[in-house]
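Below you'll find the structure, written out as structure tokens, and then a few comments.
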Amino acid sequence: MNAELLLSRLQHVRSSGPNSWRADCPNGHQHARGSLAVTVGDDSRILLVCFACHDTPAILAAVGLELGDLYPERIKDASPEGRQRARDAFKRTAWAAALRVLSREACVVNAAAGWLRQRKTLEDADYGRLVLACERIDRAREVLA
């Protein structure tokens with residue numbers, strides 16, 4: 002499936018970058034407009050997340066789709082070279098996602114460092130977010146290793 006089919010079934014769709022869009026979640030979060038993020042990966046997989054409900058199966062059901070619709074057709078070239086190309090494409094997609102995580106979480110670490118440099122203390126919630134950033138950085142590092 003291509004992204005156009007999914008996007009055509011969503012409301013208030015707007016581009017948020019190359020191969021990325023934001024839209025209203027079809028689960029009806031009136032208070033969270035634009036909470037649904039849709040991205041097409043390098044390997045043509047469609048990635049989506051609603052930051053309000055995190056319920057991908059319900060989102061897809063609301064627009065008449067299933068989880069399997071988010072993935073491209075299976076590899077047609079079963080030769081060793083074709084399988085290697087598929088593995089390389091998957092690795093590139095995983096690396097790109099890991100680099101996006103590193104970029105975002107580095108901003109969190111940088112903000113916390115700025116507060117500490119000014120000799121300010123972190124609130125419990127801010128400290129918790131810093132710990133989460135460190136965990137995500139560790140997971141991204143594992144992908145890149």
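Numbering (the working numbering), first residue to last: 2 to 146. Every residue, glycine too, gets a C-beta built ideally from N, C-alpha and C.
DSSP beta-bridge partners of residue i
i: Gln12; result: Asp25
i: Ile47; result: Val41
i: Gly18; result: Ser21
Expected contact under 8 Å - CB spacing of residue i and residue j to nearest Å
i: Val64; j: Leu11; result: 7 Å
i: Leu37; j: Asp56; result: Their Cβ separation, rounded to whole angstroms, is 11 Å, which puts Leu37 and Asp56 out of contact at 8 Å.
i: Trp96; j: Leu145; result: 6 Å
i: Ala134; j: Glu106; result: 4 Å
i: Ser45; j: Pro27; result: That pair is no contact at about 22 Å.
i: Asp125; j: Thr94; result: Going by Cβ atoms, the distance from Asp125 to Thr94 rounds to 36 Å, so no, they are not a contact pair.
Outcome for residue i when other beta-carbon atoms lying within 10 angstroms are tallied against a minimum of 16
i: Ala113; result: buried
i: Leu71; result: buried
i: Ala141; result: buried
i: Pro79; result: According to the sequence provided, residue 79 is Ala. The question's Pro does not apply to it. Looking at its Cβ environment, which holds fewer than 16 other Cβ atoms inside 10 Å, Ala79 is exposed.
i: Cys108; result: exposed
i: Ala59; result: exposed
Span of the alpha helix (DSSP H) around residue i
i: Ala87; result: 81 to 118
i: Leu131; result: 125 to 145
i: Leu61; result: 57 to 63
Residue closest to residue i, alpha-carbon to alpha-carbon, out of the options
i: Leu66; options: Leu6, Pro19, Thr94, Glu82; result: Leu6
i: Pro19; options: Glu124, Val41, Phe91, Pro73; result: Val41
i: Ser21; options: His32, Asn28, Asn3, Gly29; result: Asn3
i: Val102; options: Lys77, Leu117, Ile138, Arg84; result: Ile138
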